[in-house]
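Q: Before I ask anything, here is the structure I am working with.
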Amino acid sequence: MTITATADAVVDTLEPRLFIDGRWRDAENNKLFHVHNPADGSVLMQVADATPGDGRDALDSAAAAQNEWARTSPRMRSAILYSAFDAVVARAEEFATLITLEMGKPLAESRAEVAYGAEFLRWFAEEAVRIGGRYATAPDGRTRLLVHKRPVGPSLLITPWNFPLAMATRKIAPAIAAGCTMVLKPAALTPLTSLLLTSVISEAGLPAGVLNVIPTSSAGAVTSGIVTDPRLRKLSFTGSTEVGRRLLADSAAQVLRTSMELGGNAPFLIFEDADVDAAVEGALLAKLRNMGEACTAANRFLVHDSVADEFTDKLARKMAALNVGPGIDSATQIGPLIDEDSRSKVHELVEDAIREGAVIRTGGAIVDGPGYFYKPTVLADVDPASRLLREEIFGPVAPIVRFSTEAQAVTAANDTEYGLVAYAYTRDAARTLRLLETVESGMIGINVGVVSNPAAPFGGVKQSGLGREGGAEGIDEYLETRYAGIADPYEPSGRL
Ligand code: NAP
526 MTITATADAV VDTLEPRLFI DGRWRDAENN KLFHVHNPAD GSVLMQVADA
576 TPGDGRDALD SAAAAQNEWA RTSPRMRSAI LYSAFDAVVA RAEEFATLIT
626 LEMGKPLAES RAEVAYGAEF LRWFAEEAVR IGGRYATAPD GRTRLLVHKR
676 PVGPSLLITP WNFPLAMATR KIAPAIAAGC TMVLKPAALT PLTSLLLTSV
726 ISEAGLPAGV LNVIPTSSAG AVTSGIVTDP RLRKLSFTGS TEVGRRLLAD
776 SAAQVLRTSM ELGGNAPFLI FEDADVDAAV EGALLAKLRN MGEACTAANR
826 FLVHDSVADE FTDKLARKMA ALNVGPGIDS ATQIGPLIDE DSRSKVHELV
876 EDAIREGAVI RTGGAIVDGP GYFYKPTVLA DVDPASRLLR EEIFGPVAPI
926 VRFSTEAQAV TAANDTEYGL VAYAYTRDAA RTLRLLETVE SGMIGINVGV
976 VSNPAAPFGG VKQSGLGREG GAEGIDEYLE TRYAGIADPY EPSGRL
């Protein structure tokens, strides 16, 4: 693989350090950790490795800045977000290159992530000036009720490696809009994009102390001191359900406000009345965006008997024709998986399913050479009890299971502890409405393969999470509602 001069330049201009109280600095013990390129396993950069002491410094800074930041005008916070949006858009190629280098996705997908991630900055610039309240007369007429919203306070934001820009802006932008200060802990596998984002937001005029960023290779040790510190008021986490459960338990000690964007196991239903060609196109998007390394990735294809052969043949043909390679090459359609552990897990799930009777229609194998590539894979006749259908695959593998009635399809779709997103292809309006009511997921795509949209509330039910990011709901996660009861102004006791 050849990394272009531009790619080298992007890496060279980064500040690979901690950002605390408006300053770049080294870790207190000067330790560093390596960030790798998953396309060839090479070291991209060494980054300062925050310690628990650095984590405390970051929270000190966020806590000290909170009161003044909460008093800034919504218009000022909005203007900073608009400037940051413009700067991310202007530097879109740098961001896209960095995402591809550290995370692996093809450049075209990285560009799409930059457009999506930047949009949260613009969306919340618009929401910052719409924080409302109300004034009402109590039913008995004796008091007036004044309801207003205040920033929750210092927030810890923990993000995953699979969307290094968008998962950060989806939290940072509403926190800025609401008037919260924050400590961001990016994923150790992909901290570089968040460091570039930090310089961009800081240059957009964010005051010192509002955003503090602490890359670290010791996530648990560094964040546990912050989560248990009484100055922290909010934890927003995106990552696996397993880690989310642990963080929820830790948050209970201080009754922290929490937002949890966790794992998924999305069903993709194709009914007998579906446009099969459209379903194949939607399936490619829902399955292969991010090489399948997305919480929204279609994990189980549930297909009506009458269209299952046609859908399987067409999907297998298209997936077999995809170009697998380093994301930095413009011809690449499927990049590497994030690391060897992830690739081994994907292959193990495929081998288990084959032992239980699944039939390989394409793929099913590791690609030799440097980098963690896996062949796009379609498996037919998958045993409904197989592990492949229970766990997040997080790879380019499409398992197909047949059904014969709508009731069977819905039961199978709901047979999981997850409930993030579901997809359905059908042209029957009544069936669509039934699915909206019976499929247990926070989001559903009807005849579309991607649902993520900054203007919509993203989030799950069941063990896929708590709270919503994006949409009108996203800013509420960083606000708390307060109310004042005021005596009747017409009574003598009501004189202020
Ligand atoms: P992960 O292992 O749970 O890690 C997520 C983040 O938590 C990382 O920053 C990680 O740091 C940190 N972390 C790990 N252990 C921790 C601990 N004990 N205490 C505090 N922080 C800890 O998840 P991932 O592998 O990065 O991401 C993939 C998962 O995220 C999948 O399950 C996917 O479905 C989910 N996801 C959900 C959404 C959504 O919106 N619902 C979006 C994207 C991804 P290190 O990097 O240092 O380990």
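Each number in this note's numbering comes from the position in the sequence shown (counting from 1) with 525 added on.
Each residue gets a CB set at the ideal place from its N, CA and C atoms; glycine is no exception.
#1: Within a Cβ cutoff of 7 Å, which residues of the same chain sit near T477, ignoring the five residues on either side of it in sequence?
#2: What are the boundary residues of the alpha helix (DSSP H) that includes N592?
#3: Give the single residue among E942, D940, N972, V964 whose Cα lies nearest to the Cα of R952.
#4: With DSSP as the reference, label T821 as helix, strand or coil.
#5: Out of curiosity, what's the CA-to-CA distance linking A583 and L606?
#6: I'd like to check one pair, L736 with I697: are the Cβ atoms closer than 8 Å?
#7: Sorry if obvious, but does the Cβ on P982 come closer than 7 Å to a heavy atom of ligand 1?
#8: Check whether the Cβ atoms of V935 and T957 lie closer than 8 Å to each other.
#9: Considering only C-alpha positions, which residue in the set Q988, E998, G990 is nearest to A980?
#10: Report the residue from A744, R880, L626 whose alpha carbon sits nearest the alpha carbon of G566.
#11: Expressed to the nearest angstrom, what Euclidean distance is found between the alpha-carbon atoms of V654 and L557?
#12: Taking 5 Å as the limit, name every residue whose beta carbon sits nearer than that to some heavy atom of ligand 1, in sequence order.
#13: Less than 8 Å separating the beta-carbons of A693 and S719?
#14: In this structure, how does DSSP classify R655 when only helix, strand and coil are distinguished?
#15: Can you pull the DSSP bridge partners for P676?
#16: Looking only at C-alpha atoms, which of E1016, A905, L543, L731 sits nearest to E835?
#17: At which residues does the alpha helix (DSSP H) containing A929 begin and terminate?
#18: Tell me the rounded alpha-carbon separation between A530 and V536.
#19: Can you give, in chain order, each stretch of the alpha helix (DSSP H) that sits fully within the region 932-1001 and has at least 4 residues?
#20: In the region 529-570, which residue ranges form an unbroken alpha helix (DSSP H) of at least 4 residues, counting only runs that do not cross its ends?
A: Quick look at the numbers:
#1: Given a span of 526 to 1021 for the chain in the structure shown, any question on residue 477 remains unanswerable.
#2: Position 67 of the sequence shown, counted from the start, is the residue given in the question as residue 592. 577-595 is the extent of the alpha helix (DSSP H) around N592.
#3: As a first step, residue 952 must be located in the sequence shown, where it is residue number 427. Ranking the options by Cα distance to R952, first place goes to N972.
#4: Counting from one through the sequence shown, the residue named residue 821 turns up at place 296. The answer is coil: DSSP assigns T821 none of H, G, I, E or B.
#5: Position 58 of the sequence shown, counted from the start, is the residue given in the question as residue 583. Position 81 of the sequence shown, counted from the start, is the residue given in the question as residue 606. Taking the straight line joining both Cα atoms gives about 22 Å.
#6: As a first step, residue 697 must be located in the sequence shown, where it is residue number 172. As a first step, residue 736 must be located in the sequence shown, where it is residue number 211. The answer is yes: Cβ separation under 8 Å.
#7: Along the sequence shown, one-based indexing puts residue 982 at 457. Every heavy atom of ligand 1 is 7 Å or more from the Cβ of P982, so no.
#8: If you number the sequence shown from 1, residue 935 lands on position 410. If you number the sequence shown from 1, residue 957 lands on position 432. In this structure, T957 does not lie closer than 8 Å to V935 by Cβ.
#9: As a first step, residue 980 is located in the sequence shown; it is residue number 455 there, counting from the start. A980 has its Cα closest to that of E998, out of Q988, E998, G990.
#10: As a working mapping, residue 566 is identified with position 41 in the sequence shown. Here the closest residue by C-alpha is L626.
#11: By one-based count along the sequence shown, residue 654 stands at place 129. By one-based count along the sequence shown, residue 557 stands at place 32. Between V654 and L557, the C-alpha separation is close to 40 Å.
#12: I683, P685, W686, A712, A713, A744, G745, T748, T763, G764, S765, V768, E786, G788, C820
#13: Within the sequence shown, residue 693 is the residue found at index 168, counting from 1. Within the sequence shown, residue 719 is the residue found at index 194, counting from 1. It is a contact, given that the beta carbons lie within the stated cut-off.
#14: For the purposes of this step, residue 655 is taken as residue 130 along the sequence shown, with counting starting at 1. In the structure shown, R655 sits in coil (DSSP, three-state: anything other than H, G, I, E or B).
#15: Here residue 676 corresponds to residue number 151 of the sequence shown, with the count starting at 1. DSSP, once it has assigned bridges, lists L1004 as partnering P676.
#16: Position 310 of the sequence shown, counted from the first residue, corresponds to residue 835. Of E1016, A905, L543, L731, the residue nearest in Cα terms is A905.
#17: Locating residue 929 in the sequence shown gives position 404, where the first residue counts as 1. Note that residue 929 corresponds to Ser in the displayed sequence, not to Ala. Segment: none, S929 is in no alpha helix (DSSP H) and carries neither H nor E.
#18: Residue 530 sits at position 5 when you count from the first residue of the sequence shown. Residue 536 sits at position 11 when you count from the first residue of the sequence shown. Low confidence applies to A530: its pLDDT is 49, below 50, so where it sits in the model is not reliable, and the reading given next is rough at best. Roughly 10 Å between the two C-alpha positions.
#19: 954-963
#20: 530-537
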